[in-house]
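For reference, the structure is listed below as structure tokens.
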Amino acid sequence: MTLTSTPTTFHIHIPVRVLLGYGDRRLGEIVTHPEGVEGARKELREMLEDGAIYLVCDSKCDNRKPDGSCAGHTEKEA
Ligand SMILES: [Zn+2]
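Okay, so the sequence shown: first residue is 15 according to this note's numbering, each after it adds one.
Dropping the structure here:
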């Protein structure tokens with residue numbers, strides 16, 4: 015067994031259901047949406063319907079698992 019010398023970093027991801035449980039003000043501090051928090055909620059519900067459980071807090075994340083969470087990045091990629 016060999017430990018990889020390249021550290022893997024993960025983007026922070028939040029369960030979509032947790033976000034849906036937040037009030038307008040709290041949600042508005044975390045996500046921005048052209049239609050406001052109601053538009054954001056609509057999109058989050060659509061994500062759940064598509065099978066995404068998590069929302070990554072960084073739109074630059076390009077390595078996501080089918081459940082929406084970050085699959086990790088090696089330092090070279092990040
Ligand atoms: Zn990521």
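The C-beta atom is built at its ideal place from N, Cα and C for all residues, glycine as well.
A quick note: this is a predicted structure, and the numbers were derived from the prediction, not measured.
Report the residue from the options whose alpha carbon sits nearest the alpha carbon of residue i.
i	options	result
Gly37	His87, Ser83, Arg55	Arg55
Glu124	Lys79, Thr88, Cys71, Asn77	Limits of the chain in this structure are 15 at one end and 92 at the other, which puts residue 124 out of reach.
Glu63	His27, Asp81, Leu41	Asp81
Across which residues does DSSP place residue i in a beta bridge pair?
i	result
Val70	His27
His87	Thr23
Arg78	Cys84
Mind checking which residues open and close the alpha helix (DSSP H) that includes residue i?
i	result
Met61	50-63
Gly42	38-44
Classify residue i as helix, strand or coil using the three-state DSSP reduction.
i	result
Ala92	Caution is warranted here: a pLDDT of 47 is assigned to Ala92, below 50, making its placement in the model unreliable, and the coordinate value is therefore given only provisionally. Three-state result, Ala92: coil.
Leu34	helix
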